[in-house]
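Okay, so here's the structure we're looking at.
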Amino acid sequence: MTDYVTVTSDAPEGRTGAIKLHGRAAFDGMHRAGRLCAETLDMLVPHMVPGVTTAEIDRLAYDFITARGGVPATLGYRGYTHSTCISINHVVCHGIPSEKTLKSGDIVNVDVTPILDGWHGDSSRMYLIGDVPLKAKRLVEVTYECLMLGLEQAKPGNHLGDVAHAIQRHAERHRYGVVRDFCGHGLGRLFHDAPEVVHVGKPGTGPELKPGMIFTVEPMINIGRPDVKLLDDGWTAVTRDRSLSAQFEHSIGITEQGCEIFTLSPKGWHAPPYL
Ligand code: MF3
Ligand code: CO
Ligand code: CO
């Protein structure tokens, strides 16, 4: 049985396993945190060029977020010491910023999670560096479509399985693999909360969606097999078959009508090309 709990105060609430149904104050806070998150991803657009190091991108995000009163949630999170995750080509997620430089042809995901006034914004986008082969561009396009088709199913009365099914169906129609090892998640005052938001599934299964639920959807889609492998650094997840992987993530809240996306780009830079 799925447990739901209505959050009545805006005091911090712990991880109980129950799915929180948030009120107006939470939605307002999430809109502000989500906007800062999206503005950070917008700010990075002109910097995502050949020759820049991923550590420089991480620094830009840190400076931007902290100058606006935010704190990167990933700093010190389970021993992680960076402000972003930057995942290049066959890296599925949780790539660690380093002195590695971007090169023409790379496809790159940047994932940022600012905390603003106690609320978490969590979003990631893909960036195309220089001249990207059509095959890789196509993966990025279809991955964005997967996210948005999933979000179309995010409405009261539907189930998380409907969101997952829409994503899986679109990816597999293109013979791509949907990563099973990482999921979306509830968030709010907590970074990772119930429910677990899977990206493969059957319609009508999983928790029912109710107004007030706040969670991320963040499908990772591979050109090849879904299987991932964790590198020795304990964070970097790569495709086992070394095929390219792409991801987009939004933070959303379920409303009476459907969902609100907290992390929409103010510049309309939803998916590449951005300029
Ligand atoms: N932002 C990631 C997510 O979408 C989590 C990154 S945790 C880190 O849930 F420690 F790897 F940064
Ligand atoms: Co994220
Ligand atoms: Co997330």
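Mapping to the numbering used here: the sequence shown position 240 is 410, numbers consecutive.
Here a beta-carbon is modelled for each residue, glycine too, at the ideal position from N, C-alpha and C.
Values in this document were obtained by computation on a predicted structure and should not be read as measured data.
Can you list, in chain order, the residues of its chain whose CB lies under 7 angstroms from that of residue i, leaving out five sequence neighbours each side?
i	result
G394	G347, T409, D411, S413
A225	P267, S268, E269
E366	C353, H355
M390	V262, C263, V349, F352, S415, Q417
Y444	V215
V398	V262, V349, D351, A407, V408, T409, R410
E183	V177, K190, R359
In terms of residue numbering, what span does the alpha helix (DSSP H) encompassing residue i cover?
i	result
K307	304-322
I337	330-343
Y297	Counting along the chain, Y297 falls outside any alpha helix (DSSP H), though it belongs to the beta strand (DSSP E) covering 293-298.
Taking 6 angstroms as the limit between beta carbons, can you name the residues of its chain near residue i, skipping five residues before and five after?
i	result
T172	P377
L286	R202, A203, L206, G240
A336	L319, G320, Q323
A334	V368, H369, V370, G371
L379	P326, N328, I424
Y314	F418, A441
Tell me whether residue i is buried or exposed, calling it buried when 16 or more other Cβ atoms sit within 10 Å of its Cβ.
i	result
S274	exposed
P303	exposed
K270	exposed
V219	exposed
R359	buried
T251	exposed
D401	Inspection of the sequence shows that residue 401 is occupied by Leu rather than by Asp. So L401 ends up on the exposed side.
R343	exposed
P442	buried
G382	buried
T186	exposed
D363	buried
P436	exposed
R194	exposed
A237	exposed
T178	exposed
T375	exposed
Y247	exposed
When you compare each of the options to residue i by their alpha carbons, which one comes out closest?
i	options	result
G404	G249, S268, D276, E342	G249
L191	R185, F197, T176	T176
Q427	A416, S435, L321, C353	L321
T406	I256, D397, T244, H290	I256
T433	K305, R308, H369, D198	D198
H329	D233, A243, D212, I424	I424
R345	D292, T375, L309, A364	L309
H420	L379, G184, T386	T386
H260	L245, T254, N279	N279
L149	V312, S293, D228, A243	This structure does not reach residue 149, given that the chain is present from 171 up to 445, and the question cannot be answered.
M200	Y247, G221, E430	E430
T223	D276, Q338, R194	D276
S293	G184, E183, E388	E388
Tell me whether residue i sits in a helix, a strand or coil according to DSSP, three-state version.
i	result
P216	helix
A225	helix
I256	strand
T244	coil
A188	coil
Y444	coil
L357	coil
Y232	helix
M171	coil
H290	strand
T210	helix
G347	strand
Counting along the chain, where does the beta strand (DSSP E) carrying residue i start and finish?
i	result
F385	384-387
I277	277-282
E183	Where E183 is concerned, there is no enclosing beta strand (DSSP E), given that its DSSP letter is neither H nor E.
D397	Careful: D397 lies outside any beta strand (DSSP E) and carries neither H nor E.
V424	Val is not the amino acid found at residue 424; the sequence shown has Ile there. From DSSP, the beta strand (DSSP E) with I424 extends over 420-424.
P365	363-367
I431	429-431
V262	261-263
T251	Counting along the chain, T251 falls outside any beta strand (DSSP E), and DSSP gives it neither H nor E.
S435	No beta strand (DSSP E) holds S435; DSSP gives it neither H nor E.
V408	407-409
S415	415-417
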